[in-house]
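Chains as they are written, first to last, in UniProt numbering: chain S, 1 to 248; chain D, 1 to 373. All residues carry an ideal CB built from backbone N, CA and C; glycine is no exception. None of these values were measured; they are calculated from a predicted model.
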């Protein structure tokens with residue numbers, strides 16, 4: 001049973017403190033929704049846990065199954081079983097999707113998959129997410145629409161099979177059809193019960209497709225309220241106003 | 001700059017077959033200011049001692065004729081006039097020239113490979129003419145290897161409706177000095193594709209230029225270079241649009257790593273008053289992989305007519321993008337491999353344009369070797 005444990009995490013960007021003591025535990029088999037207004041630090045949490053160099057950890061701990069995540073390089077974190085689906089995946093010219101995916105799968109699994117097996121696996125993964133097979137030959141994220149980028153993030157999630165996945169506003173910018181396809185992918189990933197999901201979102205819309213076990217309200221750089229799925233319904237009705245006022 | 005004015009570019013002001021018309025450069029001249037003259041071994045000031053050896057071997061396609069001729073051959077200097085001191089020095093100093101002729105309407109069945117192997121010693125001057133007669137099609141590869149102090153001029157005369165694809169590989173030994181002029185003279189509806197790859201040598205200065213004699217001609221000039229510690233690699237392009245409705249596309253990309261690795265790219269495109277309907281684009285990108293490397297990139301686009309189909313240029317020099325590396329690493333790919341993937345990607349589209357399989361493989365291999373070091 002995998003556990004991601006974030007304890008009293010403080011994070012700064014260029015000397016400005018963004019996260020102010022985050023406590024959060026995500027276990028295998030659980031789906032958590034982290035909800036909050038724009039600018040509350042949700043994405044900072046995601047990128048800090050993934051190890052983006054822009055974010056400085058000033059205090060606190062992050063562990064995955066007891067291992068110190070913060071002492072790992074970005075790629076070590078991924079190989080240890082953390083995954084971040086990015087809100088704005090970057091375009092990488094000249095690197096094809098298939099080459100990228102094969103390199104990533106090889107790195108995470110520790111050995112190169114047989115080409116034939118991988119090709120089949122890739123095709124099935126793309127079919128399930130309604131991704132055009134021609135995508136495999138395109139340059140990574142180059143010229144992809146917003147929806148295509150998000151599907152591609154979920155394809156990576158399904159191929160890499162991490163222990164804990166953090167999805168940073170994967171629902172933003174998606175139309176209803178794409179949202180459904182992406183949500184199904186997230187649910188397939190979570191279905192094994194051996195993986196944990198931290199779904200970061202601004203809106204409750206995706207929670208109709210991906211049912212959270214726990215909902216956390218994030219404001220002012222920390223978790224300010226926690227509850228079950230009913231908390232999302234309350235946010236839907238009342239908005240974030242009362243939290244933003246409290247932390248202002 | 002008025003529409004009726006002559007090009008203001010002073011870079012190519014002098015053109016002459018006579019060495020005496022070119023004063024010895026001091027390094028302050030616009031066209032010499034980036035070149036470390038002290039490393040030219042005297043090619044620029046007449047002090048270079050002769051007596052070196054560069055062995056020229058041509059493995060020709062069966063449809064092609066190859067001749068070694070003397071200085072007085074009438075085909076020499078027809079299409080081209082030296083525009084700088086070293087080019088003029090080479091033109092007045094070479095002893096034998098190689099003339100490669102692709103007969104009218106012939107379509108060659110395989111590439112013609114010209115191997116130039118430096119065997120050390122003093123300076124060597126060379127001259128090559130590649131004449132592709134009307135409606136013929138050919139691929140010519142120049143493969144420069146070994147150790148040499150070499151100055152040469154290569155004339156490409158591409159006839160009406162003819163197609164010439166050239167790959168020039170500068171894969172010299174570490175101590176080589178090479179100063180070269182590649183001039184393409186394009187007939188009506190001619191197609192010229194040049195792919196320059198510069199990897200080895202202490203100092204390589206290569207100046208590809210294009211002139212047009214009839215409408216509808218198309219020039220595509222690509223280049224790839226990798227400058228390591230201490231290397232000076234300079235490419236100076238000039239495309240002179242003097243007739244209407246021709247095209248040119250320039251795409252040069254380089255990576256630099258190590259102390260005092262220096263790359264220079266000059267891209268001059270002139271669209272003369274009479275060259276209406278010209279379509280041109282030039283691009284140079286440099287990837288600085290370490291501190292201590294330096295890239296100079298100077299695009300000059302001079303447009304003297306108001307009626308162009310397209311004209312643009314872009315130049316960018318920078319480091320590897322941290323966001324690219326982060327994305328790949330966030331998927332478990334270790335830093336070194338992520339770096340290799342991104343650099344390979346930087347060159348990939350360019351390398352795919354090399355149509356000779358074995359050269360493409362060799363260039364890919366050479367890039368891999370550079371990345372491994």
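Give the secondary structure of residue i by DSSP, where H, G and I count as helix, E and B as strand, and everything else as coil.
i                     : result
residue 53 (chain S)  : coil
residue 150 (chain S) : helix
residue 85 (chain S)  : strand
residue 42 (chain S)  : helix
residue 156 (chain D) : strand
residue 126 (chain S) : helix
residue 181 (chain D) : strand
residue 240 (chain S) : coil
residue 282 (chain D) : strand
residue 50 (chain D)  : coil
residue 205 (chain D) : strand
residue 136 (chain S) : helix
residue 96 (chain S)  : strand
residue 11 (chain D)  : Note that residue 11 (chain D) scores 47 on pLDDT, short of 50, meaning its location in the model is unreliable; the coordinates nonetheless yield the value given after this. DSSP places residue 11 (chain D) in coil when its eight states are reduced to three.
residue 125 (chain D) : strand
residue 4 (chain S)   : strand
residue 146 (chain D) : strand
residue 257 (chain D) : coil
residue 349 (chain D) : helix
residue 202 (chain S) : coil
residue 120 (chain S) : helix
residue 17 (chain S)  : strand
residue 366 (chain D) : helix
residue 341 (chain D) : helix
residue 358 (chain D) : helix
residue 176 (chain D) : coil
residue 330 (chain D) : coil
residue 218 (chain S) : strand
residue 69 (chain S)  : helix
residue 137 (chain D) : strand
Have a look at the options and flag the residue whose alpha-carbon is nearest the alpha-carbon of residue i.
i                     : options                    : result
residue 160 (chain D) : D:104, D:116, D:356        : D:104
residue 33 (chain D)  : D:188, D:253, D:265        : D:265
residue 81 (chain S)  : S:71, S:109, S:184         : S:109
residue 294 (chain D) : D:185, D:234, D:45         : D:234
residue 165 (chain D) : D:189, D:76, D:171, D:156  : D:156
residue 321 (chain D) : S:91, S:60, S:15           : S:91
residue 206 (chain S) : S:158, S:38, S:236, S:155  : S:236
residue 53 (chain D)  : D:123, D:69, D:211         : D:123
residue 73 (chain D)  : D:95, D:88, D:58, D:81     : D:95
residue 342 (chain D) : D:368, D:362, D:358        : D:368
residue 195 (chain D) : D:240, D:139, D:331, D:308 : D:139
residue 23 (chain S)  : S:39, S:37, S:49, S:213    : S:49
residue 127 (chain S) : S:181, S:71, S:84          : S:181
residue 187 (chain D) : D:146, D:243, D:180        : D:243
Measure how close the beta-carbons of residue i and residue j come, nearest whole angstrom, since I'm counting them as under 8 Å.
i                     : j                     : result
residue 122 (chain S) : residue 134 (chain S) : Going by Cβ atoms, the distance from residue 122 (chain S) to residue 134 (chain S) rounds to 13 Å, so no, they are not a contact pair.
residue 219 (chain D) : residue 236 (chain D) : Their Cβ separation, rounded to whole angstroms, is 15 Å, which puts residue 219 (chain D) and residue 236 (chain D) out of contact at 8 Å.
residue 233 (chain S) : residue 201 (chain S) : So it is not a contact: roughly 14 Å between Cβ atoms.
residue 238 (chain S) : residue 28 (chain S)  : About 32 Å separates the two Cβ atoms, so there is no contact after all.
residue 141 (chain S) : residue 94 (chain S)  : So it is not a contact: roughly 12 Å between Cβ atoms.
residue 79 (chain D)  : residue 15 (chain D)  : The pair is not a contact, with the Cβ atoms about 12 Å apart (cut-off 8 Å).
residue 75 (chain S)  : residue 107 (chain S) : 7 Å
residue 199 (chain D) : residue 171 (chain D) : 5 Å
residue 196 (chain S) : residue 158 (chain S) : With a Cβ gap of about 15 Å, residue 196 (chain S) and residue 158 (chain S) do not count as contacting.
residue 90 (chain D)  : residue 31 (chain D)  : About 16 Å; that fails the 8 Å criterion.
residue 102 (chain D) : residue 63 (chain D)  : 7 Å
residue 26 (chain S)  : residue 198 (chain S) : 5 Å
residue 210 (chain D) : residue 240 (chain D) : 7 Å
residue 178 (chain D) : residue 207 (chain D) : Wrong, their Cβ atoms sit about 11 Å apart, outside the cutoff.
residue 203 (chain S) : residue 183 (chain S) : Residue 203 (chain S) to residue 183 (chain S), Cβ: 13 Å. No contact.
Starting from residue i, find everything on chain D with Cβ-Cβ shorter than 7 Å and list it in chain order.
i                    : result
residue 89 (chain S) : 327
residue 79 (chain S) : 332
residue 50 (chain S) : 330
For a contact meaning CB atoms closer than 9 Å, what does residue i contact in chain D?
i                    : result
residue 84 (chain S) : 330
residue 75 (chain S) : 328, 329, 330, 331, 332, 333, 334, 335, 337, 338
residue 93 (chain S) : 324, 342, 345, 346, 348, 349
Interfacial residues, the region 301-332 of chain D to chain S, with Cβ spacing under 9 Å: 321, 322, 323, 324, 325, 326, 327, 328, 329, 330, 331, 332
Interface positions of the region 156-179 of chain S facing chain D (Cβ-Cβ less than 8 Å), listed along the chain: 156, 160
Contacting positions in the region 103-119 of chain S - beta carbon closer than 8 Å to chain D: 103, 104, 107, 108
Interface positions of the region 335-363 of chain D facing chain S (Cβ-Cβ less than 8 Å), listed along the chain: 335, 337, 338, 341, 342, 344, 345, 346, 347, 348, 349
Positions along the region 35-60 of chain S whose CB lies within less than 7 Å of some CB in chain D: 50, 52, 53
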